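Novice: Position one of the sequence shown corresponds to residue 686 (the numbering used here), numbered consecutively onward.
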Amino acid sequence: MLKLTSIIIAIVGIAMLFMGGKLLLIGGTPFYVVMALGLLITAVALFKNKRIALSIYAVLMWIVLAWMIYEVGFDKWQWIPRGDLIGLFGLWLAMPWIVRPLNRAQNPADRRGFHPFLGTTVIVIVALVIGMMFYDPYPQEGNITTKRNPADGDIAQNDWAAYGGTNNGQRFSGLKQITKENVDNLEVAWTYHTGDLRNAEKDATEYTFEATPLKVNNTLYFCTAHNEVHALNPETGEMKWKYQPEKDRSYLQQHQTCRGVSYYAPQSAESTTQPAQPAATVAQATAPATCRKRIFNAANDGKLLALDADTGKLCADFGNNGIIDLSDNMGKIRPHALMETSAPLVAGNLVIVGDSVMDNGYNSGNPSGVIRAYDVISGKLVWNFDPANPQSTDPIAADGIYPQDTPIAWATLSADVKNGLVYVPFGNASPDEVGLNRDPNSNTEKFRDALVALDLKTGAFKWLFQTSKHDLWDRDIPSQPSLLDIDYQGKKQPVVVMPTKTGNLFVLNRLTGQPVYPVNNVDVSTKGIKGENYSPTQPVSALNFIPDPLSEKSMWGVTPFDQMACRMDFKSLRYDGNPWTPATEQGSIIFPGNIGAFNWGSVAVDPERQILIAAPVRLAYKYTLIKRTAETADKRMFTKENTPYWNENFEGDYAIHIQQLSSSLGIPCIAPPWGRLVGVDLTTGKTEWLRRIGTTKNLKTSFLPGRFPIGFPMGMVAHGGPLTTAGDLVFHGATADNFFRAYDINTGELLWQTELPAGGQATPATYMGVDNKQYVVIAAGGHGSLGTKEGDAVVAYRLK
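(1) Using only alpha-carbon positions, find the residue among G1469, Q1223, K1131, L905 that is nearest to V1455.
(2) Looking only at DSSP bridge pairs, what is T864 linked to?
(3) Would P1449 and S1287 be called neighbours here (beta carbons separated by less than 8 Å)?
(4) Just to confirm my understanding: we take T1309, look at its own chain, exclude 5 residues before and 5 after, and list those with CB closer than 6 Å. What are they?
(5) Taking 8 Å as the threshold (beta carbon to beta carbon), is S858 in contact with chain B?
(6) So the candidates are S1236, D1010, F1255, G1039; which of them puts its Cα closest to the Cα of I648?
(7) Find the nearest neighbour of D821 within the set L1157, A847, G1262, P1357, judged by alpha-carbon distance.
(8) Please give me, in chain order, every unbroken run of the alpha helix (DSSP H) with length at least 4 that falls completely inside the region 1391-1430.
(9) Go through its chain and collect everything with a Cβ distance to M701's Cβ below 7 Å, but skip five positions before and after it.
(10) Roughly how many angstroms lie between the CA atoms of G1337 and W1331, to the nearest whole one?
(11) If you draw a straight line from the alpha carbon of I692 to that of P715, how long is it in whole angstroms?
(12) Give the single residue among I1081, Y1047, V1107, S1164 whose Cα lies nearest to the Cα of E1118.
(13) Any idea if A794 is buried or exposed, counting beta-carbon neighbours within 10 angstroms, 16 or more meaning buried?
(14) Taking just the CA atoms, how far does L1196 sit from R934?
(15) Within this structure, are the beta carbons of K900 and Y1452 separated by less than 8 Å?
(16) Could you give the DSSP three-state label for P960: helix, strand or coil?
(17) Thinking L803 and R1252 are a contact (beta carbons under 8 Å), I'd like their distance in whole angstroms, please.
(18) Starting from the Cα of G698, find the closest Cα among R736, M686, K688, I771 and give me that residue.
(19) Which whole-angstrom value describes the C-beta separation of N1334 and N1051, a residue pair presumed to lie in contact below a C-beta threshold of 8 Å?
(20) Measure the C-alpha to C-alpha separation of P1407 and A1300 and round it to an integer number of angstroms.
(21) For the candidate residues E826, G706, T806, L917, whose alpha-carbon lies nearest to that of V1462?
(22) Decide if the region 811-831 is in contact with the region 1053-1070; the criterion is three or more beta carbon pairs, one per stretch, under 8 Å apart.
(23) Leaving out five residues before and five after I840 in sequence, what residues of the same chain have Cβ atoms less than 6 Å from its Cβ?
(24) Count the C-beta pairs between the region 1394-1409 and the region 1367-1384 that are closer than 8 Å, then say yes if the count reaches three, no if not.
(25) Express the C-alpha separation of E1316 and A728 in angstroms, rounding to a whole number.
(26) Less than 8 Å between the C-beta atoms of D1233 and P1221, yes or no?
(27) Check the DSSP bridge columns for E1502 and list the partner residues they point to.
(28) Considering only the alpha carbon of each residue, which of E866, Y1108, V914 lies closest to I1430?
(29) If we ignore side chains and look at the alpha-carbon of each, how far apart do A695 and V809 end up?
(30) Can you tell me whether M686 is buried or exposed? The criterion is at least 16 other CB atoms within 10 Å of its CB, across all chains shown.
(31) Along the alpha helix (DSSP H) that carries N788, what are the first and last residues, could you check?
(32) Quick one: what's A1478 bridged to in DSSP?
(33) Excluding sequence positions up to five away, which residues of its chain have a Cβ less than 6 Å from the Cβ of R736?
(34) What do you get for E1130, buried or exposed, if any count of 16 or more other CB atoms within 10 angstroms of its CB means buried?
(35) Could you compute how far the alpha carbon of T893 sits from the alpha carbon of Q941?
(36) Write down every uninterrupted run of the beta strand (DSSP E) in the region 1044-1096 whose length is 3 residues or greater and which is fully enclosed by it, in chain order.
This is the structure in structure tokens:
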């Protein structure tokens, strides 16, 4: 036993010395070399049956403990890679079957099975670890005490009539039947299965069910990744009708999703109650029908559809028998280059859409980012706002072509109908990470990553605020803007809150575009690839969740070995200590990466108490530029695993490889939390509380078959948005563990949770049923890129 134990410790010590030496040679910490030498000395003494081996190891354990505290304090999750192997070896060496033979080798009469120094050391460290199980230094405790007062503007009540509840994108409901006191009595009211599942051989990898259902017209409406539209009874989940087009399956689609549909009804029609319709499936070939109340779906095949809200049939008087082809006037479009992923905006008598395009597919010839407003009845183009020609909003001529390669707005738009403004969150123009051919003085550059306010009736430009300059990191504005009035520093102002991938939350006067919370321009590096026109500064809002800069000690892992590998990655890649590190041919760390701190899930705001709830993500990515030559200009590029890079930038100067900064085990290299939930008092701009969200349960790993069975509360990535209610609750189901949870909006305390049948990477909605019960509903279908469990469920909850 002693010999075998010594050999195992020696093997681990040699491996650690090899990796630790490599890390030291590139400027990393010397501590793993020290740890390795301690292991090797212990192994040699143990092999020789020397009792001093146990004392040597006890000293090593104390040294490792001191080093862990020095590097990461008392964060138990960061102790894991630094101390797990050392702790396990120490526990084994303290066992009687190791101690007794060593005592007898020194003194045949000594039959004790306990080594005082090592045994005491192990007991102290075990007690310390047990104590740390009940302590977490990360959460920020607090309590928001603002009073609830009536708010100006439209607030969701019994219905959930638009993607964000209303067109102001608040994700807030005035319902309060479900409260902090009774939320733990929630139960499943019904579960509906769409039947629309991914075909692994034909569909995109990023196949996602991200829809937020609408509840309006006594019906629940939502869409699926294959552009199906389902209409359900909101109290029972029984299907009323289903629009089912022919499935366009292709693994080449970059984003195969549909986040929501939109609703229109003449004001006089809102009060009418339609008789229940028999369940029906409406195929694409169904004869079109004229309709008053309409469901609009912007589909990922580049079509805008108008359906009768009561029957699901195409509206004959809209566009071409109910369909507008959004590729019209776009010029030549490559397959899957133009798509719609977000709900269109219905405001007044207009339905307004932006577009999504394939990121980094081609260096030029990418579809325009034009914003188009159509008449909700006829489908006639009323105005268009083209970033290349911002002063010309008259409808384009029938044979006209919108300029290509302009910034796009793929997120959902918001509208202030009272003041006649529509808010457009523009992103980048493809290619996202290379700007060698950009004209710094062009309108295209001016509108990149800019929040733009337009006149709702005419599309006329009002103002813009640029959230990122000369974007080279895919820093699209990804979220729907949130509109509300706040009392900031004693002055009431109408604001728009704009989350960004960088982690900024810009709070602007929504009538003028001027910052309400201060914005500073920080200096960033301008040294990168030759010919690139880097911006010397970038804007930073006073309210932000830009993650703290990384350091070598920020690297994580399950064992010392994958942590050392991550440390070596950190030392070998370029990282300037901020989110604007340029991508390079040798590889750069971009933190946060292209998934952002915030993405399409946006934030939720309670306008009555002026509280903001957000779920910022902490993930680092590795960007590597790949020089293209004349020989490789239009050739596909593949990884060593023979999968395409997907950011190939054909005919460009560089392709780009984007991958999460993770270990060979597929675990993020940066220490958790990777997902957080925060509560902000908007009257002061202060973050009052912050906590980890999500657990490791159901995590898909490369080192275990199946999914991880234990839910360690580390803080998991969340892809989807929160919902707030007048019951002082936050509902959130976007974490990568399949759970749906409710929190106290004042403190962030977890009040209720339940496991969904699949990943809940969607934003929930809430509504009042005709049975006078409040329902909370969420789509649970998983997310292909996050690896959460796939499914096709919509689940509704109500009180018992």
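Ideal Cβ positions, reconstructed from N, Cα and C, are used throughout, including at glycine.
Values in this document were obtained by computation on a predicted structure and should not be read as measured data.
Specialist: Once the coordinates are examined:
(1) L905
(2) T864 pairs with nothing; no bridge assigned.
(3) no
(4) G1272, H1342
(5) In the displayed structure, chain B is absent; only one protein chain is listed.
(6) Residue coverage of the chain in this structure runs from 686 to 1485, which leaves residue 648 outside it and unanswerable.
(7) P1357
(8) none
(9) Y717, M720, A721, L724, P1245
(10) 14 Å
(11) 24 Å
(12) Y1047
(13) exposed
(14) 43 Å
(15) yes
(16) Note that P960 has pLDDT 40, beneath the 50 cutoff, so the model's placement of it is unreliable and the number below is only indicative. Residue state, collapsed to three classes: coil.
(17) At roughly 29 Å, the Cβ-Cβ gap does not stay under 8 Å, so L803 and R1252 are not in contact.
(18) I771
(19) No, N1334 and N1051 are not in contact; Cβ-Cβ is about 10 Å, not under 8 Å.
(20) 8 Å
(21) L917
(22) no
(23) G859
(24) yes
(25) 55 Å
(26) no
(27) With the chain represented from 686 up to 1485, any question about residue 1502 goes unanswered, as that position is not in the structure.
(28) E866
(29) 25 Å
(30) exposed
(31) 781-791
(32) H878, A1465
(33) L787, Q791
(34) buried
(35) 6 Å
(36) 1056-1060, 1066-1070
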